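In our numbering, the protein residues as written are 1140 to 1428.
Ideal placement from N, C-alpha and C gives every residue a C-beta, glycine not left out.
These figures come from a predicted structure and were not determined experimentally.
A quick write-up on the structure given underneath.
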Amino acid sequence: MSLALAATLLLSVVIGLSLGLLGGGGSVLTVPILTYVAGLDPKEAIAASLFVVGATSAASSIAHARKGRVKWRTGLVFGAAGMGGAFAGGLLGGHIPGTILMIAFALMMVATSLAMIRGRKNKTAATHNSELPVFKVIIEGLIVGLVTGLVGAGGGFLVVPALALLGGLSMPVAVGTSLVVIAMKSFAGLGGYLTIVSLDWGLVAGVTATAIVGSVIGSRLAGHIPEAALRKAFGIFVLAMGVFVLVQELPAPANTIVVITAAVLAAAAITCRYAVPACPLRRVPATAL
1140 MSLALAATLL LSVVIGLSLG LLGGGGSVLT VPILTYVAGL DPKEAIAASL
1190 FVVGATSAAS SIAHARKGRV KWRTGLVFGA AGMGGAFAGG LLGGHIPGTI
1240 LMIAFALMMV ATSLAMIRGR KNKTAATHNS ELPVFKVIIE GLIVGLVTGL
1290 VGAGGGFLVV PALALLGGLS MPVAVGTSLV VIAMKSFAGL GGYLTIVSLD
1340 WGLVAGVTAT AIVGSVIGSR LAGHIPEAAL RKAFGIFVLA MGVFVLVQEL
1390 PAPANTIVVI TAAVLAAAAI TCRYAVPACP LRRVPATAL
């Protein structure tokens, strides 16, 4: 076994852990791992990630469902609406340069992470765990599905915010429900990409099996972590990965500017949070989701 393959399989555990614990982030990790560690072409990495994340999400959703953290009607309708958009996005993505796809992928991660860290604008709105209106779910599913297929993301980093921030579901239920949606849309997006690229199924199977092990661990931890902490951790994680991908894909000096800007903003946020009494970051209540 080569060092690159061993590293890929080891990191695949983290892919599953992310999906089981956060209900997303699988492709955020899988695409960079397959591109920068396993050495796959970006389009091949995106297609492979759709299978890995889809299969892992399906396995992890079972554990969440047993604990009552899956809203089946919302998940199935959202997933069905997203499948058409994901297939179309996969077809379109196969004709777009890999670098452009990776940059678009990173920018979407950054935007979504900021929304998760900030929380809903209406801080007083209570979360609920009832099924969401079908029409609203269909519209959100179509939009998220298109992005899913286009940039190779399983959609968790979009589905979880859609369910938690827009739909008002509690974070644990949004996580469990998102896994059903991710599985459906990932396989639809994969179908689009397989008309353009071919995959190393041996590598894909190995990564998938290892990721499923991580997802089982993550799903068992999901119900024991405070909701606000889980949301913020998800947002910070996605933000860090988005900045990393931008640094890898942008040419100099743009990538250097991204690093400097990210470092300055991070330092400012930490200083504000811990040293400024009137900092807005301190005023976000723990139940702000």
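Of all the options the options, which has the alpha carbon lying nearest to the alpha carbon of residue i?
i	options	result
V1191	K1206, I1282 and L1338	L1338
L1385	L1342, A1197, L1302 and T1238	T1238
F1373	S1188, A1186 and I1256	I1256
G1341	L1161, A1187, L1160 and P1181	A1187
G1233	V1377, C1411, G1155 and A1184	A1184
F1376	V1299, V1352, M1248 and L1360	M1248
V1299	V1397, K1371 and L1404	K1371
K1182	G1214, L1231 and K1210	L1231
E1388	L1215, T1400 and T1174	T1174
Do you know how far the Cα of residue j is from the Cα of residue i?
i	j	result
I1356	A1348	13 Å
G1315	S1325	16 Å
I1172	T1147	7 Å
I1335	L1240	15 Å
A1406	R1212	43 Å
A1379	A1243	15 Å
L1149	A1177	12 Å
M1222	I1278	12 Å
L1297	L1360	21 Å
A1301	I1235	26 Å
T1410	A1391	29 Å
V1343	S1252	28 Å
A1401	S1141	34 Å
A1303	V1397	29 Å
I1399	S1196	35 Å
Taking 7 Å as the limit between beta carbons, can you name the residues of its chain near residue i, skipping five residues before and five after?
i	result
F1226	G1288, A1327, G1328, G1330 and G1331
L1404	none
V1153	L1168 and G1353
For residue i, collect the residues of the same chain with a Cβ closer than 6 Å to its Cβ; drop the 5 residues on either side in sequence, then sort them by chain order.
i	result
A1264	In this predicted model, A1264 has a pLDDT of only 45, less than 50, meaning its place in the structure is not dependable; the value taken from the coordinates is given anyway. Taken in chain order, the list of residues that qualify is empty.
N1394	V1386
G1229	G1288, G1328, G1331 and Y1332
Would you check if the distance between the CB atom of residue i and the CB atom of residue j is smaller than 9 Å?
i	j	result
F1217	V1283	yes
A1145	S1354	no
A1194	A1350	yes
G1165	I1321	yes
L1158	L1308	no
V1312	R1205	no
G1345	S1200	no
G1381	L1168	no
L1369	L1160	yes
G1224	L1281	yes
A1220	V1170	no
G1155	V1352	yes
S1358	A1202	yes
L1215	M1323	yes
Quick check: is any heavy atom of the ligand ATP less than 8 Å from the C-beta of residue i?
i	result
S1309	Looking for the ligand ATP in the displayed structure turns up nothing, as the structure carries no ligands at all.
Which full runs of the alpha helix (DSSP H) of 4+ residues lie inside the stretch 1331–1406, going along the chain?
1340–1360 and 1366–1388
Threshold first: 4 residues or longer. Then list the alpha helix (DSSP H) segments lying entirely within the stretch 1175–1235, N to C.
Scanning the stretch 1175–1235 for uninterrupted alpha helix (DSSP H) segments of 4 residues or longer gives 1181–1205 and 1211–1232, listed from N- to C-terminal end.
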